[in-house]
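Here the sequence shown is numbered in the UniProt record's numbering, starting from 1 and rising by one per residue. We treat Cβ as the ideally placed atom computed from N, Cα and C, and that holds for glycine. Working notes, structure below.
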Amino acid sequence: MLQAVAGNTLDGLGSVQNFTKKFSLRACPEGPDGGENTQASFTKNVAGTSVTITCKAGYRTNPGEATRGRSKCSHETLTWTPPSPNITCVEDKRCYRNPPNPINTRRIWDGQKEEGTEIVYSCRILYKTLTDEKSIYRCENKVWTLVTSEIKCDPPKCGDPPQVPDHGVLTYNSWDQITYQCDTYAIRSGVNSEHKISCKNFTWEELPKSFKCVGSDTYDAHQEWENFLNITLPVSTVLVFLVILCLLATRSDSPFCKICKGSTKEVSY
Numbered sequence: 001m002l003q004a005v006a007g008n009t010l011d012g013l014g015s016v017q018n019f020t021k022k023f024s025l026r027a028c029p030e031g032p033d034g035g036e037n038t039q040a041s042f043t044k045n046v047a048g049t050s051v052t053i054t055c056k057a058g059y060r061t062n063p064g065e066a067t068r069g070r071s072k073c074s075h076e077t078l079t080w081t082p083p084s085p086n087i088t089c090v091e092d093k094r095c096y097r098n099p100p101n102p103i104n105t106r107r108i109w110d111g112q113k114e115e116g117t118e119i120v121y122s123c124r125i126l127y128k129t130l131t132d133e134k135s136i137y138r139c140e141n142k143v144w145t146l147v148t149s150e151i152k153c154d155p156p157k158c159g160d161p162p163q164v165p166d167h168g169v170l171t172y173n174s175w176d177q178i179t180y181q182c183d184t185y186a187i188r189s190g191v192n193s194e195h196k197i198s199c200k201n202f203t204w205e206e207l208p209k210s211f212k213c214v215g216s217d218t219y220d221a222h223q224e225w226e227n228f229l230n231i232t233l234p235v236s237t238v239l240v241f242l243v244i245l246c247l248l249a250t251r252s253d254s255p256f257c258k259i260c261k262g263s264t265k266e267v268s269y
């Protein structure tokens, strides 16, 4: 005969040796105790059944901890075993909404949305800070909260800077100063290798016309011509001048004649 356990049975009908008899299934109480703020996902509670324990909506486990556990209805005791692993559920205070995006700013953010995460904002390049140099938003209790004064950035006033010359590059040092340089494969045709201009009275300073960059091939040809003008031509001119002086020196006692002929000694035989 099938026996029922008082208080923990499920009644039904079954066929045993062609006779219809009443039977009972051993079962655990409804729902295991998984801890505070947890929930169990199961459809039945008969002995041997296993269920999954997770956190309720709006709660989560701490970072790095298990997010779910398992509990089983024991045949011997008809009770639910403690969840394995045991989970601890805390209120989920992450900031799921996108963080604010103040106008004309850029931000430093690792993409995390955990409580306590901070995002640092500063003005975009070329924009002048009208208030503090930066502002900070922090994730606090599901909301991105401003913890410093709000940043305000003034757009640039000078417009487009002077045209970059051929073989040149432009670098913004700040919103009101830029530097012109020759690129890696070009050479500055002058003494200074760069030139800086500033924004004054809402206008960029002029870039000197003398600032030019030349490619390496052009520079080599230009350098050869400068060497000819500065070295070869002057030396050649001096030599021609000396030759002319020698030709004009006709007297034997002339100092120019001595330079041309050199000093000689009489030889007696």
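Each of Pro-63, Tyr-127, Tyr-137 was checked against the Cα of Asn-104, and the nearest Cα belongs to Tyr-127. For Val-147, the closest C-alpha among the options Asn-141, Pro-156, Asn-37, Tyr-137 is that of Tyr-137. Residue range 134 to 140 is occupied by the beta strand (DSSP E) that includes Lys-134.
When rounded, the separation of the alpha-carbon atoms in Lys-200 and Gln-181 is 21 Å. Going by beta carbons, Val-46 and Arg-26 fall inside the 8 Å limit.
Here DSSP, grouped into helix, strand and coil, assigns Thr-232 to helix. For Asp-92, the closest alpha carbon among the candidates Gly-31, Asp-110, Val-143 is that of Val-143.
In this structure, the CA atom of Lys-72 is about 38 Å from the CA atom of Glu-140. In this structure the segment 202 to 210 touches the segment 156 to 173; the number of beta carbon pairs closer than 8 Å is three or more. It is roughly 49 Å from the alpha-carbon of Ile-178 to the alpha-carbon of Asn-62.
Closest by C-alpha distance to Arg-94, out of Arg-60, Val-51, Arg-106, is Arg-60.
Taking C-beta atoms under 8 Å as the contact rule, Cys-123 and Gly-35 fail to qualify, at a distance of about 49 Å.
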